[in-house]
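Position one of the sequence shown corresponds to residue 211 (our numbering), numbered consecutively onward. By construction, the Cβ of each residue, glycine as well, lies at the ideal position given by its N, Cα and C atoms. Note that this is a predicted model, so its numbers are computed, not measured. Remarks on the structure that follows.
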Amino acid sequence: MEHSPVKPEADTAVINGLSVDVEDWFQVGAFENVIDREDWDGLALRVEDNVLRILDMFGEADVKATFFTLGWVAKRHGPLMRRIVEAGHELASHGYDHARVFTFDRKEFGEDIAKAQAILEDASGAKIAGYRAPSFSIDQRTPWAYEELAAQGYTYSSSVAPIAHDHYGWREAPRFAFNPLEGSDLVEIPVTTAILGGRRVAAGGGGFFRVLPYAFSRWAIRQVNREENRPAVFYFHPWEVDPDQPRVPGAPIKSRLRHYTNLKKMAPKLRELIDDFAWGRMDEVAEREAAFAKALQDEWAA
Ligand SMILES: [Zn+2]
211 MEHSPVKPEA
221 DTAVINGLSV
231 DVEDWFQVGA
241 FENVIDREDW
251 DGLALRVEDN
261 VLRILDMFGE
271 ADVKATFFTL
281 GWVAKRHGPL
291 MRRIVEAGHE
301 LASHGYDHAR
311 VFTFDRKEFG
321 EDIAKAQAIL
331 EDASGAKIAG
341 YRAPSFSIDQ
351 RTPWAYEELA
361 AQGYTYSSSV
371 APIAHDHYGW
381 REAPRFAFNP
391 LEGSDLVEIP
401 VTTAILGGRR
411 VAAGGGGFFR
421 VLPYAFSRWA
431 IRQVNREENR
441 PAVFYFHPWE
451 VDPDQPRVPG
461 APIKSRLRHY
471 TNLKKMAPKL
481 RELIDDFAWG
491 RMDEVAEREA
501 AFAKALQDEW
511 AA
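Set out below in structure tokens:
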């Protein structure tokens, strides 16, 4: 029997959402108690080189993705923002400086996303319509966040991890796209989870993707695409493809383990993931999921 060079997974009709959360190595939640925001400007910027590496990888694989970018980063790397957009990717917002949504009140949140959006739009010339909360920090504590996003013209958000996790999570939230507001088309597309032994498990990237064997992610995304017939939403960070980044002393051992494990294996693992499935921009996923999200709203509102 002739062996087909095309992997069967790539044949499914489902196009998954590929996303990069653009922040530098010192801006991650894991180090927020060790590195002060006031000290950020004295640290070596590595995000530009890492994003360029990712743009090359995406170009070689001929995939488009969404770059959820901090306003703080866009302010310092204007030309990079234009390169992202010129390469056909979507530029979207990751807030201004990675403060979690539940640390704001509604007014402060509104100011944060407006500030980030203005910087991103000025730097790139592109319209910003998508948002990802830092550390997936939209949850049951922030009912006003979606109202504010809708009021500021956002069409979608990908800000919920529908799972219980030590740093984040909204375990009661739907696992797939839904309209969080009545009378609004705003779509929330949660990061991917899979069902394993009757429980939701994180399967959309982050430490799990780096630490666990690739076979787990492949199984999970295949299950979501084939059994549930829904797109997966996957994310990673520029610092995850940067094995030479400075080490942060004094961070908790658990944070360090999670942050530094398997950085060298990340780029080849990502290439495998990109080849095994069909991927696209998050705004396109949101558009395709609109009808599904609407149907789920009735269920959610009930
Ligand atoms: Zn982030």
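{"Query": "Endpoints, the alpha helix (DSSP H) within which residue 424 is located", "Result": "424-432"}
{"Query": "Nearest-angstrom Cα separation, counted from residue 310 out to residue 226", "Result": "26 Å"}
{"Query": "Cα-Cα separation between residue 216 and residue 440, rounded to whole angstroms", "Result": "No answer about residue 216 holds up, because its pLDDT of 47 lies below 50 and its placement is not dependable."}
{"Query": "Beta-carbon proximity of residue 277 to residue 301, cut-off 7 Å", "Result": "yes"}
{"Query": "Outcome for residue 214 when other beta-carbon atoms lying within 10 angstroms are tallied against a minimum of 16", "Result": "Low per-residue confidence applies at residue 214: pLDDT is 43, beneath 50, and the placement is therefore not dependable, though the value from the model is reported in the following sentence. Looking at its Cβ environment, which holds fewer than 16 other Cβ atoms inside 10 Å, residue 214 is exposed."}
{"Query": "Residue 231 beta carbon near ligand 1 (any heavy atom closer than 6 Å)", "Result": "yes"}
{"Query": "Residue span of the beta strand (DSSP E) that contains residue 300, given as start and end", "Result": "300-303"}
{"Query": "Inter-residue Cα distance where the pair is residue 495 and residue 258", "Result": "26 Å"}
{"Query": "Local conformation of residue 405 per DSSP, three classes", "Result": "strand"}
{"Query": "Member of 260, 273, 246 whose CA lies at the smallest distance from the CA of residue 490", "Result": "273"}
{"Query": "Residue nearest to residue 269 in terms of C-alpha spacing, selected from 409, 295, 282", "Result": "295"}
{"Query": "DSSP three-state assignment for residue 368, whether helix, strand or coil", "Result": "coil"}
{"Query": "Proximal residues to residue 428 (C-beta, below 7 Å), its chain only, five neighbours per side dropped", "Result": "486"}
{"Query": "Alpha carbon of residue 280 to alpha carbon of residue 223, nearest angstrom", "Result": "32 Å"}
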